[in-house]
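Participant:
Protein chains in written order, with this note's numbering: chain A, 1 to 458; chain B, 459 to 767.
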């Protein structure tokens, strides 16, 4: 290279370096400090955190297959925080639930070592993935002070959901959401008619009848598709004293409590629900509610993020929350949690664990809590920002339901989706008008199929 | 190998050794095999070997979190003797195919006859009619979901403004398969039109002139002349559309995922569900094999009747 060219190159480098330095100083901060003034507690925590070697795995890159639920869609916007904290790059993919499950299982069946983190629901995916040996136990990381900072505090998590994320006594995932089934209702419509939120299932039916005014407003909506219907049906099933299987893994969906639950559920939504419910997943049911076309929606508390998103919802200021009502036997709303897990086939378990530390740490839990995904960490609930930034009715309903119930949405089997779908097909028939002896026959048929599935997969 | 008299004028680079000359000679002799060889190898690698692996898998039992276990013909026994879901899916597939193919044939024939005549703007109309065929099935499916929406869709809006009852297009078990067949018809009738137009254009003119002279009316001409002469072309159209309808997956998956319940679950969808949602991979491989054989059998039948024409 000529002398002149060399000089130009050096000058270019210096100029480029100055520009980059200036941009880094003025651009959006990539530090660990959260937006807004840090509290003294956060400053101490930050100091302790800095003593822990966050940059141990700097320079590596990991891959995370996540759901496009309210947690993932929100936290992905903060991924720069993680990348500058640890120096690790993350490829974070968001997919709808069904496609996510297919992709995860396809990649892990093909023994793909390129996948480091997956998002799982312990009640739904847990049994199958654990049995397949796909989930890396997190206990060695949790117990090693070199891998987990002292201020991360595993004891901060609510015990019930922490335990539910374990299999064979080993921690499979860190739970990030306290999801409970509850009623989200339009308090403006209730006030107009002078109604109070229902406390029993019979009251629920009466209130839905009073508010049902098709085609402008429908009384109540929930998920009704074969794939997702059972999720919201579970609370009805349990509150009537029924269940999917008993302790001996025998199908109990054809027993009287389950049949009563299905009759009630069917007549409630046939009479006071919108048309086309048997094709609705939560995307459609929450959209209908957000457009103001339904008075009540019975579904997860975590959808608060959807209802209060001004760019998509018209009902953000008009809603309030109530607990799932009492049934004839008990008040047992379904609960749910999910969280990131490390693939046992991954070659980068260390960096993957650091992602879990960050995404389930106190700051991230508070941030997602404020956004609408109820946290599992008690510190998030007790933080002053949380007390100001969240709807007190929502807080009240979530905490009371967590204390009341510990039943998950799903049947306790290995091939959860297969059994759940079979029950879902039954529910679609109920929505279509199958009742009485015909329902009994269909339920018996469903139980035969479910017993066959259990036999083949356990 | 004989060389031309210009051998002495050849540049040094072309002066290949005797070995190379022998290989070149062999290649020229067996050109019929040499030229397609790369494509053939690709086909074997990407289609042939996976097919063989599928046949192997269909004889195993493999639930995702378990071991692969040899099961012989157990999967096939279950498919044909025990699996009610399969039988129902097969019935739905045949129903869907019959609906879609007959609608496309009748409509396609009518449009082809229309476009075969001479009139102003015929070229423009032909181009417009072909448009649905070039849309992506998934995109078309998603738009039709909006059209079919129970409360927010334009179809029900039109029905209710004419004081007719709204139809739950995609959530009523009785209506969903015809509704899906309608989407398939919308998208692929142009395909049938194109094939039939080509057939019509290739028909000889003399029989039609004689018929006109003999005083045959339009219906008689169509029934006794056009249809029989066009039969081979019609069978080609039926063949292509039947194969596609039997295998239909993307539109149904995008629009209803097989729902409500199982009402629109055709064989391909059932196969996908068993394989990629429930992960019974051995059983899914057996189902795929059965579906392939079914499509092959249908094609053979149609081709046989075409030859008989």
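Don't be surprised by glycine CBs; every beta carbon is placed ideally from N, CA and C.
(1) Out of curiosity, what's the CA-to-CA distance linking residue 411(B) and residue 94(A)?
(2) Have a look at the DSSP bridge pairing and note the partners of residue 63(A).
(3) State buried or exposed for residue 99(A), treating a residue as buried only when at least 16 other CB atoms are found within 10 Å of its CB.
(4) Once you ignore the five residues that flank residue 141(A) on each side, which residues in its own chain have a CB closer than 7 Å to its CB?
(5) Could you tell me which chain B residues have their CB closer than 9 Å to the CB of residue 392(A), listed as they occur along the chain?
(6) Should residue 676(B) go down as buried or exposed, given a rule of 16 or more other Cβ atoms within 10 Å for buried?
(7) Along the chain, where does the alpha helix (DSSP H) that runs through residue 323(A) open and close?
(8) Excluding the 5 residues preceding and the 5 following residue 432(A) in the sequence, name in chain order all residues of the same chain whose CB lies nearer than 8 Å to its CB.
(9) Quick check: the Cα distance between residue 90(A) and residue 365(A), rounded to an integer number of angstroms?
(10) Since I believe residue 516(B) is in contact with residue 413(B) (beta carbons under 8 Å), could you give me their beta-carbon distance rounded to a whole number of angstroms?
(11) Looking at C-alpha atoms only, which residue of 347(A), 209(A), 152(A), 139(A) is the closest neighbour of residue 116(A)?
(12) Taking the alpha carbon of residue 375(A) as the reference point, which residue from 282(A), 453(A), 73(A), 398(A) has its own alpha carbon closest?
(13) How big is the Cα-Cα spacing for residue 27(A) and residue 368(A)?
(14) Between residue 518(B) and chain A, is there a C-beta pair that is closer than 8 Å?
(15) Can you check whether the CB of residue 335(A) is closer than 8 Å to the CB of residue 407(A)?
(16) Assuming contact is defined by CB atoms lying nearer than 8 Å, are residue 252(A) and residue 260(A) in contact in what I supplied?
(17) Is residue 522(B) close to chain A? Criterion is C-beta to C-beta, closer than 8 Å.
(18) For a contact meaning CB atoms closer than 8 Å, what does residue 425(A) contact in chain B?
(19) First and last residue of the beta strand (DSSP E) that includes residue 183(A)?
(20) Is the CB-CB distance between residue 691(B) and residue 565(B) below 8 Å?
(21) Spell out a yes or no on whether the stretch 72 to 86 of chain A and the stretch 106 to 115 of chain A are touching, meaning 3 or more CB-CB pairs, one atom from each, closer than 8 Å.
(22) Can you name the residues of chain B whose CB is closer than 9 Å to the CB of residue 502(A)?
(23) For residue 735(B), does the three-state DSSP call read helix, strand or coil?
(24) Kindly indicate which three-state DSSP category residue 197(A) falls into: helix, strand or coil?
(25) Please report whether the beta-carbon of residue 737(B) lies at a distance below 8 Å from any beta-carbon of chain A.
(26) Alpha carbon to alpha carbon, how far is residue 414(A) from residue 134(A)? Give it in angstroms, no decimals.
(27) Please confirm if residue 450(A) has its CB atom under 8 Å from at least one CB of chain B.
(28) For the stretch 219 to 248 of chain A, list every residue whose C-beta sits within 9 Å of some C-beta in chain B, in sequence order.
(29) Considering just the uninterrupted stretch of the beta strand (DSSP E) at residue 296(A), what are its terminal residues?
(30) For a test of the three-state rule: what should DSSP assign to residue 549(B), helix, strand or coil?
(31) Taking 8 Å as the threshold (beta carbon to beta carbon), is residue 680(B) in contact with chain A?
(32) Which residue from 73(A), 421(A), 88(A), 103(A) puts its Cα closest to that of residue 281(A)?
(33) Could you tell me whether the Cβ atoms of residue 249(A) and residue 454(A) are closer together than 8 Å?
(34) Applying a beta-carbon distance threshold of less than 8 Å, which residues of chain A neighbour residue 714(B)?
(35) Does the beta carbon of residue 173(A) come closer than 8 Å to any beta carbon on chain B?
(36) Apart from the five residues just before and just after residue 688(B), which ones in its own chain have a Cβ nearer than 8 Å to its Cβ?
Facilitator: Put simply:
(1) Residue 411(B) falls outside the range modelled here, since chain B spans only 459 to 767, and no answer is possible.
(2) Answer is 91(A).
(3) Per the 10 Å Cβ criterion, exposed.
(4) Counting only Cβ-Cβ distances below 7 Å, and skipping sequence neighbours, we find 147, 148, 353.
(5) Result: empty, since nearest Cβ-Cβ is about 33 Å, beyond 9 Å.
(6) Here residue 676(B) is exposed. Its C-beta has fewer than 16 other C-beta atoms within 10 Å.
(7) No alpha helix (DSSP H) contains residue 323(A), which is instead part of the beta strand (DSSP E) from 319 to 323.
(8) Exclusion of the five residues before and after residue 432(A) leaves 278 as the residues of its chain whose Cβ lies within less than 8 Å of its Cβ.
(9) The straight-line gap from Cα to Cα measures roughly 19 Å.
(10) Because chain B here runs from 459 to 767, residue 413(B) falls outside it and cannot be looked at.
(11) Taking residue 116(A) as reference, the option from 347(A), 209(A), 152(A), 139(A) with the minimal CA-CA separation is 347(A).
(12) Nearest option by C-alpha distance: 398(A).
(13) Residue placement at residue 27(A) is flagged as unreliable, the pLDDT there being 41, under the threshold of 50; the coordinate-derived value follows with that caveat. Approximately 24 Å, taken between the alpha carbons.
(14) By this cut-off, residue 518(B) is not an interface position.
(15) The answer is yes: Cβ separation under 8 Å.
(16) No, the pair does not count as a contact, with Cβ atoms beyond the cut-off.
(17) With its beta carbon less than 8 Å from one in chain A, residue 522(B) belongs to the interface.
(18) The contacting residues are 719, 720.
(19) Looking at the DSSP string, the run of the beta strand (DSSP E) that includes residue 183(A) is 179 to 186.
(20) Cβ atoms of residue 691(B) and residue 565(B): not closer than 8 Å.
(21) The answer is no - the stretch 106 to 115 of chain A does not touch the stretch 72 to 86 of chain A, with fewer than three Cβ pairs under 8 Å.
(22) This structure cannot speak to residue 502(A), because chain A is shown only from 1 to 458.
(23) In the three-state reduction of the DSSP assignment, residue 735(B) falls in the helix class.
(24) Looking at residue 197(A) - three-state DSSP - the assignment turns out to be coil, as it is neither helix nor strand.
(25) Yes, its Cβ sits closer than 8 Å to a Cβ of chain A.
(26) When rounded, the separation of the alpha-carbon atoms in residue 134(A) and residue 414(A) is 14 Å.
(27) At least 8 Å separates the CB of residue 450(A) from every CB of chain B.
(28) If the cut-off is 9 Å between Cβ atoms, the stretch 219 to 248 of chain A has 224, 225, 226, 227 near chain B.
(29) Run containing residue 296(A): 294 to 300, per the beta strand (DSSP E) assignment.
(30) Looking at residue 549(B) - three-state DSSP - the assignment turns out to be helix.
(31) Residue 680(B) does not count as touching chain A.
(32) Checked all of 73(A), 421(A), 88(A), 103(A); the closest Cα to residue 281(A) is 421(A).
(33) Pairing residue 249(A) with residue 454(A) gives a Cβ-Cβ distance under 8 Å.
(34) Against chain A, the beta carbon of residue 714(B) has neighbours under 8 Å at 279, listed in chain order.
(35) Closer than 8 Å: no.
(36) Same-chain partners within the cutoff: 654, 657, 658, 661.
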